[in-house]
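Following the working numbering, the residues of the sequence shown are numbered contiguously, the last one being 404. Even glycine gets a Cβ: it sits at the ideal position worked out from N, Cα and C.
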Amino acid sequence: MMKEYRILVSDPLSEEGIFPLRDAEGLSVVFDTELTPQELAEKIGGFDALLVRSKTQVTRELIEKAERLKIIGRAGVGVDNIDLEAATEKGIIVVNAPDGNTNSAAEHTIAMLMSMARKIPQAFTALRNREWDRKSFVGVELKGKTLGVVGLGRIGMEVAARAKGQRMNIIAYDPFLTEERAEELGIGFGTVEEVLKASDFITVHTPLLKETRHLINAEAFKLMKPGVQIINCARGGIIDEIALYDAIKSGKVAGAALDVFEQEPMVDFRLLDLPEVVATPHLGASTFEAQENVAIDVSHDVVSYFSTGTVRNS
Ligand code: NAD
Ligand code: MLT
Numbered sequence: 091m092m093k094e095y096r097i098l099v100s101d102p103l104s105e106e107g108i109f110p111l112r113d114a115e116g117l118s119v120v121f122d123t124e125l126t127p128q129e130l131a132e133k134i135g136g137f138d139a140l141l142v143r144s145k146t147q148v149t150r151e152l153i154e155k156a157e158r159l160k161i162i163g164r165a166g167v168g169v170d171n172i173d174l175e176a177a178t179e180k181g182i183i184v185v186n187a188p189d190g191n192t193n194s195a196a197e198h199t200i201a202m203l204m205s206m207a208r209k210i211p212q213a214f215t216a217l218r219n220r221e222w223d224r225k226s227f228v229g230v231e232l233k234g235k236t237l238g239v240v241g242l243g244r245i246g247m248e249v250a251a252r253a254k255g256q257r258m259n260i261i262a263y264d265p266f267l268t269e270e271r272a273e274e275l276g277i278g279f280g281t282v283e284e285v286l287k288a289s290d291f292i293t294v295h296t297p298l299l300k301e302t303r304h305l306i307n308a309e310a311f312k313l314m315k316p317g318v319q320i321i322n323c324a325r326g327g328i329i330d331e332i333a334l335y336d337a338i339k340s341g342k343v344a345g346a347a348l349d350v351f352e353q354e355p356m357v358d359f360r361l362l363d364l365p366e367v368v369a370t371p372h373l374g375a376s377t378f379e380a381q382e383n384v385a386i387d388v389s390h391d392v393v394s395y396f397s398t399g400t401v402r403n404s
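Have a look at this one:
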């Protein structure tokens, strides 16, 4: 590499994981993870690559100011914080790290499922308040119950495999899932409506797209069994939070486990006031292993891009 390329890391990324960038010749890396959108817009013109997680919003306005930018690396799966159309129009490549946090996100989903079913966070909160209350926290077993998986991609597939270990029956919907493939996997197959109707627990694992925004809305809740419990460790906005609030208040939904929210950081805390809700602040990929994996993957892509002009994107 003859020229010096400047890389800005604007969200917290594993410092160990970016070793491919540090080891490469001709790349200089700047970590600046506390920039306001305005400060970022002022700085971006001086960089050839930008590495982000989900906090930085890579908007059209930002991209328009990115005079030298050639590549944006998303250390994670979802690219919904990046204006892909604006990047493409400017000839900027966008790469993500689709595999590195699959395991962590699947484990977190199972942790949320079990916490919700057995009301562990609620019981712990009571105990911390010195209340020895065994009556309010009676849960339900998972064994023999049906878990509906909406979106059977990398994470959905791992969640289904782990839930089978809990002796749950699985039914899934994914536009790319065939009946034959479902049979091979030993799971049930249905349309999204059939999955919603058949499930005791529902977990969503789709990307956030035009088609999946509010996929779980008031109409969808009407199809579900009374007492259904629902998990979202994918993206805020797949579930309509107002419809979820109403469905919990009406008694239709008995539990919700949420890692992601329509607005992050969260501003509307009403759902958290409901005793049926357990929640974490977007921690699905927050393990040392996942953060190192995704940082390594995007760093390799950036090095590869500046040295050979190609990327692997995985
Ligand atoms: P993936 O691309 O492997 O799988 C997504 C699946 O959704 C695909 O199989 C796709 O066919 C399916 N799909 C698309 N549209 C659909 C629809 N309308 N109905 C049903 N299925 C549909 O992605 P993944 O790695 O499994 O990630 C899944 C989600 O989890 C993404 O939204 C990702 O951003 C999110 N994620 C969250 C965390 C976290 O920290 N909470 C961590 C990693 C990933
Ligand atoms: C992702 O899409 O990979 C997740 O949201 C994880 C993250 O970057 O925090």
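- Straight through space, the alpha carbons of Asp336 and Ala139 are spaced by roughly 44 Å.
- In the three-state DSSP reduction, Phe291 falls in the strand class (E or B).
- Taking a C-beta distance under 8 Å as the contact criterion, Ile182 and Ile153 qualify as a contact pair.
- In the structure shown, Ser394 falls within a helical segment according to DSSP collapsed to helix, strand and coil.
- Beta-bridge analysis with DSSP links Leu305 to no other residue.
- In this structure, DSSP gives Asn186 an extended state, which the three-state scheme calls strand.
- Residues with their Cβ less than 6 Å from any non-hydrogen atom of ligand 2, running along the chain, are Arg143, Ser144, Gly166, Val167, Gly168, Asn191, His372, Gly374, Ala375.
- Rounded to whole angstroms, the separation of the alpha carbons of Glu129 and Thr123 is 11 Å.
- For Phe214, DSSP records no beta bridge to any residue.
- Assignment of beta-bridge partners to Val167 by DSSP yields no partner.
- Between the region 380-397 and the region 185-199, the count of Cβ pairs shorter than 8 Å is three or higher; the stretches touch.
- Under the DSSP assignment, Ala346 falls in the beta strand (DSSP E) whose first and last residues are 343-348.
- Residue pairing from DSSP places Leu98 in a beta bridge opposite Val120, Leu140.
- Contact between Val119 and Val142 does not hold, since their C-beta atoms are separated by about 14 Å, which reaches or exceeds 8 Å.
- The three-state reading of DSSP puts Gln319 in strand, counting E and B together.
- Nearest neighbour of Ile210 by Cα position, chosen from Leu313, Ala195, Ala347, turns out to be Ala347.
- A residue is called buried once 16 or more other Cβ atoms fall within 10 Å of its Cβ, and Ser340, having fewer, is exposed.
- For Thr236, no alpha helix (DSSP H) encloses it; the enclosing beta strand (DSSP E) starts and ends at 236-240.
- Ile245 has its Cβ nearer than 7 Å to a heavy atom of ligand 1.
- Taking Asn186 as reference, the option from Ser205, Arg164, Ala201, Glu175 with the minimal CA-CA separation is Arg164.
- In the DSSP assignment, Ile329 is bridged to Ile306.
- One thing to note: Ile261 has its Cβ within 8 Å of the Cβ of Gly278.
- The C-beta separation of Lys235 from Met204 comes to about 12 Å, leaving the pair out of contact by the 8 Å criterion.
- Annotated three-state conformation of Ile161 is strand, per DSSP.
- As computed with DSSP, Ala369 is found in a beta bridge with Leu348.
- Across the structure, Leu275 and Glu269 are spaced so that their CA atoms are roughly 10 Å apart.
- Cβ-Cβ separation between Gly246 and Asp264: approximately 7 Å, consistent with a contact (criterion under 8 Å).
- Distances from the CB of Pro188 to the heavy atoms of ligand 1 include at least one below 7 Å.
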